[in-house]
Structures are given as structure tokens and as C-alpha cells.
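Written out as C-alpha cells, the structure reads:
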């Protein structure tokens with residue numbers, strides 16, 4: 108039998124990626140074994156005891172005591188005492204408590220340690236990931252929110268997007284599906300586009316972000332204002348999500364294993380699901396009663412007491428067959444450790460989610476290996492290698508388009524399905540309580556020619572697999588011998604990914620419901636009649652099997668030059684980066700019709716002309732292809748006065764040739780008022796008070812509809828447009844594209860941000876307040892211009908539109924302890940409103956042949972709803988006649 112070439116190519120692509128993932132696992136195991144080999148000799152352990160007090164010598168109850176670079180630990184008792192076991196050779200412990208400075212204490216062979224914790228700035232000393240680097244929280248001059256990952260990992264969700272709701276001020280997370288594995292929309296400060304996702308310094312798409320396991324993330328920050336986000340260029344005006352994954356630490360191997368199971372059930376079901384067959388009979392009778400009253404008739408009621416008696420103890424509910432309470436299952440194993448020469452972290456996790464309906468399932472596999480080798484005192488090499496696979500399986504639902512996870516409107520169908528007819532019959536005419544060969548078509552007219560249970564549990568499906576292999580190699584070199592404080596870094600990333608979808612559709616054959624007593628009880632079932640079978644085609648001409656394969660690669664290269672020095676009270680950090688990225692995708696599609704038998708393999712489908720179809724395409728995403736030069740300088744004087752300046756010189760192929768490069772600068776400053784002597788001496792209960800101000804600009808390559816601008820708008824384009832026969836020859840028409848606009852260039856986002864950070868009562872209460880205004884100018888959009896019919900073309904869009912965003916954000920956190928119980932209360936609030944400043948009115952005709960009305964969006968927000976408002980309801984013929992006489996039309 109001849110193999111199908113399309114199917115073979117799809118299988119071979121999956122084979123290659125499977126081999127690559129197997130290689131990742133092998134590397135992970137070998138690196139773990141090699142790194143463990145650096146730990147030599149037996150490590151004896153000893154017990155250390157001690158006491159922890161504050162500056163007033165009061166015992167601190169519940170302080171955390173851990174051994175440096177080792178998992179586990181203990182807490183102090185009611186007298187502040189503790190005991191901890193320390194391996195020989197590990198000479199330090201770390202003591203921390205809410206509101207106090209974290210302290211590292213050297214053991215120095217002391218059997219008992221007296222430890223005093225001072226009032227803390229531990230949160231302020233926290234290192235936060237920012238654009239192309241890290242900063243202490245106390246040194247940040249822009250609007251940055253840090254997300255605590257320990258809170259995220261406890262949330263029973265399968266998708267990273269869904270775990271972020273309510274975690275940062277100004278970040279809105281909306282999930283419109285709720286089905287297994289479904290993603291959420293993330294918006295920062297009310298923007299209408301996705302933020303930029305940066306994972307371990309590499310710009311990624313949202314699919315890669317969603318595929319992450321929360322347990323592999325070490326830190327996550329949100330850059331919200333342009334002053335901090337502008338270094339990431341295109342789309343950074345919508346905010347930036349920065350993620351760094353976990354790395355290994357020195358010490359002997361620490362193994363971690365976790366597993367969890369989460370079940371859910373609806374707290375409330377729609378009223379339609381609570382109705383019974385009797386309720387439907389009552390409703391049918393009332394409809395006739397109302398019609399009789401209105402028309403003055405006396406038609407008999409359709410449902411007699413005998414029918415009500417028949418349904419006294421029976422009702423057919425679709426959800427009894429297809430609904431299940433959703434659940435989430437997770438399992439994870441990880442190992443970390445190392446020595447002074449090499450450290451490593453490896454993790455393997457599995458996540459499975461069962462949706463609310465049978466045959467709605469989602470699975471995710473994650474693998475990460477992060478290894479850092481210290482080649483010399485000046486040179487280190489890091490390999491960060493990750494792989495992920497997501498499987499989404501669902502039944503074929505023809506009304507939801509091509510979305511992976513959605514079965515649009517299916518809830519409404521099942522909850523409102525009639526409860527008067529069985530779903531399956533036995534051959535003898537008795538009602539079946541399991542799936543049989545005789546699915547029933549309800550006797551409710553010609554609209555519902557299908558069986559809802561067979562829709563879910565039948566042999567039709569759409570299965571999707573998404574896989575990614577993502578290695579990042581980083582070389583760090585310290586150049587202190589050349590210039591003190593100088594270093595360089597080279598980062599290279601090459602991502603391979605594929606996306607496979609398989610669709611299998613067979614027709615549904617349902618037996619028309621036949622009543623055994625149509626006169627007295629039309630709902631009493633009779634035996635199925637093989638001569639009365641209806642075929643439901645799902646709006647398809649014939650059954651089919653379809654394979655869709657999307658494979659691609661992308662790379663990013665970054666070269667860093669860093670300078671970091673401190674001169675007395677002056678600290679300077681400078682950075683220069685060159686960045687280049689490119690990508691390519693290949694799409695293939697094959698479909699077969701006319702199956703010989705209902706088997707979901709291509710060999711079962713006809714090979715005749717017209718029954719096989721295939722096509723392919725390849726393309727480059729111009730939004731990913733880019734070059735840029737980035738620069739940033741941070742200046743810090745005595746931790747009081749902070750100044751940041753950055754720029755990005757960005758290039759894109761979407762703009763005209765002489766307009767492709769844009770320069771986007773940003774600057775911000777902050778004053779830590781709480782560090783001033785006059786403030787410290789007079790306001791002792793305020794631990795931190797910082798005032799921030801910033802201005803930033805970023806480039807933008809989206810249009811007024813928030814879609815990426817099309818390529819080649821600056822030059823004439825041509826395309827095939829049908830054809831014609833001349834003699835015996837068919838000629839293809841060539842049509843011209845829109846009239847080009849040669850000056851197409853970047854749109855610009857500029858933003859002003861004013862902020863305040865505070866911490867009081869030993870930093871138990873802390874928070875931040877930000878006020879911002881964001882302006883977008885030169886947005887690409889079509890002009891509303893009336894052209895003569897003889898012109899024969901449309902106009903390309905122009906850079907002309909402008910809009911403004913204004914908003915405020917507040918986040919507050921209280922951290923404290925009551926006895927042995929510590930707690931953390933966090934809340935955030937954000938408000939933003941946008942308006943169009945410059946945009947042409949939209950041409951809108953409500954009635955054919957009527958004068959055209961125009962929508963005037965200036966001064967109104969984006970996505971403003973336009974339409975008619977109801978003035979009143981016409982209740983009598985007289986009111987209708989009066990309105991017609993006044994000039995109204997129907």
C-alpha cells in the first residue's frame with residue numbers, strides 16, 4: 108500500500124521533535140549525575156542551638172532558621188530558641204522574620220548562637236528583574252510590580268495566564284472560556300494589546316508563556332510604565348512580563364517531589380438544568396392557554412393528566428450523560444545542587460485537567476534543566492534548556508470555529524435540551540440507560556436533527572498537540588583585569604516548535620423518535636424504525652479526516668557590555684546591548700474525503716481526484732524579525748537620589764526603507780525621602796517613602812484596530828484575482844493592491860508616570876500608588892475619504908491617529924504574625940480610561956439605500972458601542988399610526 112506523503116511528513120516532523128525531547132531528558136540526567144560527582148567525601152552533621160531576639164532583647168517567636176544553600180529548616184519557639192542540624196563544612200545559617208532584616212550568621216564552631224535581628228528593610232533589599240537586568244526594589248525608579256511565585260504555585264490552574272488574576276495592580280486577567288487548558292487575556296494598564304513576554308532574557312510569545320509550569324519560575328515582574336518597559340521595543344507600550352526560571356545552588360543534591368489533586372463543582376447551576384419534564388409540560392400547556400385567552404379560542408391543551416402521570420417519575424437530562432465535575436492533577440519531581448565549580452537544577456512536571464464535559468481533556472508536560480559551570484574566576488557558562496508539550500483533546504463541535512479549547516455555546520445546548528425524549532433506545536423499543544446503536548432524534552421539528560449525547564461521546568474529535576524545545580546558552584566574562592567593574596555577556600537562543608491538529612468527522616445517523624401511542628401519549632417510545640433515519644452532516648459536504656501541521660523556528664542573539672562600580676556614595680551601572688532576532692514558519696495542510704470505512708487514518712479515504720487535497724506555505728513574521736541597539740544608565744547617590752536613563756534604537760522591515768529605524772528614549776528619577784536624616788529623626792514609624800517620576804517612549808507597529816500592520820504598505824503590490832478564458836487558454840488576472848503610502852513608519856507611545864512607594868510599622872504595611880498618562884500618536888489607520896468609482900483602488904492606511912490613556916493604581920500589603928501563625932493580606936486597585944484624540948469617523952450605513960450615518964469616535968473610548976437607543980414600546984395600533992404620521996418608518 109502506498110503511504111500518504113502528507114501523513115508521512117507530519118509523522119517525521121513529530122519523530123524529530125520527540126528525539127530532541129528525549130535528548131533533553133538524557134542531558135538532564137547526565138548533568139545531574141556529573142554535578143553530584145563534585146560532592147566528595149561523607150558529610151557528617153552536627154546540631155546547632157541558639158536564640159533569636161530583637162533590638163530590645165525580646166524573643167522573636169516563629170523566626171525562620173535555615174541552613175545556607177540547603178532546603179528545610181526550623182522556626183523559633185515561644186522563647187525564641189531553636190535547634191537546627193548543619194552538615195559539616197556548611198558554616199552559615201540564615202535567620203528571617205517579617206518586618207526584620209534577614210541575617211546570615213557564621214557558625215564558627217559555636218555550639219550556641221545569640222542572634223539579634225534589626226528592624227528590617229528585607230522587602231526593599233529584594234532583587235527584582237527589570238529590563239535586561241536586575242535591581243534592588245529600593246532602587247527602582249519606575250512602575251514595577253513583583254509577583255510572589257510562592258502564592259502562584261498553590262493555585263490549581265493548568266495555564267500560567269490564569270494564575271495571575273489579582274496578583275499585581277494594573278494587570279487585568281480575563282478568561283472567557285473556562286474550559287480545560289484555556290488561556291486568559293492579559294492586559295496591563297487597560298491596554299488593548301498583549302504585553303511583551305520575556306523569559307530568561309529572551310522575548311517570547313504568549314503560547315510559550317502559557318506553557319510554563321509555575322514551579323519552574325523563580326521570579327516574575329511586570330514593567331508597567333514606558334520608562335521601565337521601553338528597552339523592549341515593539342509592543343512594550345502594552346507592558347512587559349519578565350520571567351526568570353530557577354537555577355541550581357551549591358550544596359549536595361536536594362530532591363523534591365510534589366503531587367496534588369484538585370476537584371471542583373459548580374456552586375450554582377442554571378435554572379434550565381433544574382427544570383424537569385413536568386415543568387416543560389406545564390409550560391407547553393400555558394402557551395396554549397395564553398393563546399386561547401388572546402385569540403378568544405378554546406383549543407384543547409396538548410398535555411393530558413395521563414401524560415403528566417407518565418412523567419411523574421422520569422425526566423431525560425443531557426447533563427446526566429455528559430457532565431462531570433472538573434478536576435486538575437499535578438505531579439512534579441526536581442533536583443538541585445552543585446559545588447563551587449558547577450550547579451544545576453532539573454525539573455520534570457505533569458499536569459492534567461479534565462473539563463466539565465466528557466472528552467474535554469488537557470495535558471501538559473514540562474522539562475527544564477539549568478546548569479551553570481564556572482570555567483574560571485572570570486568566565487562562566489550557562490545552559491538553560493526547556494521543553495514543553497501540550498495536548499488538548501475535544502469532541503467535534505461544529506459551531507465554535509477552529510479554536511483549540513473552545514466549544515462555544517455548548518453549555519446552553521445541554522442545559523436547555525428538551526427533557527421529554529430519551530437519548531438512546533434498545534431494539535425492542537425500551538429506553539436505554541447506556542449508549543446503544545439506536546441514538547434518538549427528538550421529535551421537536553426539523554431543526555434539531557442531531558443527538559447531543561452522541562455529539563460528545565461519538566467518534567468525532569479535534570486533537571491538538573503543541574511542542575516546544577528551547578535551549579538558551581549564555582557566556583559571562585568578567586573584564587575586571589581590563590577595567591574594574593566591566594563585564595560582557597553573550598546570549599543565544601534557538602527555539603524549535605510545532606503545532607499539530609487532527610480533525611476527524613463522521614456523520615451522525617439518528618433514529619427518528621416514534622411514539623408507540625401518538626394519540627394518547629406522543630412521548631411513549633416505540634421501537635426504532637431503520638427506514639426513518641436522519642443524517643446530520645455538521646454543515647459538511649461529506650465526512651473527512653484533516654491533518655494540519657505548523658512547524659517553525661526562531662532565534663534571538665544578544666551581546667551585552669556592562670559596567671558596574673561604586674565610588675563612595677556614588678553607584679553607577681551602565682549597559683549596552685545589541686539584539687537581533689529572526690523566525691520562519693512552514694504550514695502544511697492535508698485533507699481526505701470519501702472514507703471507505705470510519706477509521707481515523709488517511710489510508711481509509713479515497714485517492715480519487717477531488718477527494719484528496721493538500722497545500723503548504725511558508726512565511727516570516729515581520730514583528731519578530733528585528734535588530735536593535737539598547738542602552739541604559741543607572742545612577743544612585745547614597746541610596747537617596749536615583750536616576751535612570753535608557754534608549755532603544757529599533758529597526759523593522761514593516762516600515763518604509765528610510766523610516767525603518769526609530770529612536771525611543773526614556774528617563775526616570777526617584778527620591779527616597781525616608782533616607783534623609785531630617786526625615787529619619789522625626790518620622791520614625793515610616794520605614795520607606797520614595798517619590799518617583801518618569802517619562803518614556805516606545806515604538807508601536809499596530810493599527811487603530813490593534814492588529815499588526817501589514818507588510819509592504821509602502822510599495823505597490825500585486826495579487827492573483829481570478830481569471831478568464833480566451834480561446835482554449837485560461838489567463839490569470841493580476842490585481843493591484845492598495846495605493847501605497849511611502850512614508851509609513853512607527854507609531855509612538857509616550858507615557859508620564861508619577862509614583863509613591865511606602866512602608867510603615869516595621870514594613871508590616873507597605874504599598875505603592877501610581878498615576879499615569881499614556882499617549883499614542885501616529886497610529887496607522889484608514890482614512891474616511893470618498894473616492895470616485897473610476898479610481899479603481901483603495902487607499903493604504905496612514906500614520907495619523909492619536910489616543911490617550913489615563914489611570915491610577917494602588918496596591919497595599921499587610922504582613923504580620925499572630926503567635927505561631929504568619930499571614931499576608933494583599934489587595935490592589937486599578938482604574939484606567941482611554942479616549943480617541945484624532946481619528947476619522949467610521950462610515951456606517953444602517954439601512955440599504957438610506958443616507959449613510961457616521962460614527963464620531965473622537966472623545967470616546969476604544970471599542971465604544973454604537974447603535975440605536977429604544978425610546979419606548981409600541982403597545983397599540985393607535986401609537987403605531989401616530990408614529991407613522993410623524994414620519995417614522997418601519
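In my numbering, the protein residues as written are 108 to 997. Idealized CB from N, CA, C, for every residue including glycine. As the structure is a prediction and not an experimental result, all values here were calculated from the model.
- Assignment of beta-bridge partners to residue 861 by DSSP yields 800, 878.
- For the set 203, 400, 218, 253, the Cα lying nearest the Cα of residue 919 is the one of 253.
- The DSSP-derived three-state label of residue 164 is coil.
- No residue range can be given for residue 524, since it is assigned to no beta strand (DSSP E) and is classified by DSSP as neither H nor E.
- For residue 732, there is no enclosing alpha helix (DSSP H), as DSSP marks it with neither H nor E.
- Look at residue 780 here: in three-state DSSP terms it is helix.
- Rounded to whole angstroms, the separation of the alpha carbons of residue 908 and residue 889 is 9 Å.
- Collapsing the DSSP output to three states places residue 682 in a strand.
- Residue 372 counts as exposed, since fewer than 16 other C-beta atoms from the protein chains shown sit within 10 angstroms of its C-beta.
- Short of 7 Å from the beta carbon of residue 707, and not among the five residues preceding or following it, lie these beta carbons of its own chain, in chain order: 611, 652.
- About 6 Å separates the Cβ atoms of residue 222 and residue 157, confirming a contact at the 8 Å cut-off.
- Under the three-state reduction of DSSP, residue 660 is assigned to strand.
- Nearest in C-alpha terms to residue 948, of all of 934, 937, 963, is 963.
- Bridge partners of residue 387 according to DSSP: none are assigned.
- Apart from the 5 residues on each side of it in sequence, residue 875 sits with its Cβ closer than 7 Å to the Cβ of 862, 863, 864, 918 in its chain, given in chain order.
- A distance below 7 Å between beta-carbons, with the five flanking residues on each side excluded, links residue 798 to the following residues of its chain, in chain order: 777, 778, 780, 863.
- If you draw a straight line from the Cα of residue 643 to the Cα of residue 548, it comes to about 10 Å.
- When rounded, the separation of the alpha-carbon atoms in residue 407 and residue 267 is 59 Å.
- 430 is the residue among 582, 438, 570, 430 whose C-alpha sits nearest the C-alpha of residue 522.
- Straight-line measurement puts the Cα of residue 685 at about 20 Å from the Cα of residue 486.
- Residue pairing from DSSP places residue 739 in a beta bridge opposite 682, 753.
- Contact holds between the region 752-767 and the region 729-742, because three or more Cβ pairs, one in each stretch, are under 8 Å apart.
- Within the region 534-607, the complete beta strand (DSSP E) segments at least 3 residues long are 568-585, listed from N- to C-terminus.
- Linking residue 435 to residue 225 through their CA atoms gives a straight-line distance of about 43 Å.
- Approximately 4 Å separates the beta-carbon atoms of residue 250 and residue 332; this is inside 8 Å, confirming the contact.
- Residue ranges of uninterrupted alpha helix (DSSP H) with 4 or more members, entirely inside the region 228-272 and ordered along the chain, are 256-259.
- By the criterion of at least three beta-carbon pairs nearer than 8 Å, the region 654-670 is in contact with the region 598-609.
- With a contact defined as Cβ atoms closer than 8 Å, residue 804 and residue 775 miss out at about 12 Å.
- Beta-carbon to beta-carbon, residue 588 and residue 596 are separated by about 17 Å, too far to satisfy the 8 Å threshold.
- The three-state secondary structure of residue 905, taken from DSSP, is strand.
- Shortest Cα-Cα distance from residue 448 to any of 415, 489, 439 involves 489.
- Around the Cβ of residue 726, a 10 Å sphere holds fewer than 16 other Cβ atoms; the residue is exposed.
- Cβ contact annotation for residue 633 (same chain, cutoff 7 Å, sequence separation greater than five): 536, 621, 622, 623, in chain order.
- Rounded to the nearest whole angstrom, the CA to CA distance from residue 174 to residue 211 is 9 Å.
- Annotation: residue 698 to residue 605 spans about 19 Å, alpha carbon to alpha carbon.
- Under a 10 Å Cβ-count criterion, residue 690 is classified as buried, with 16 or more other Cβ atoms of the shown protein chains found around its own Cβ.
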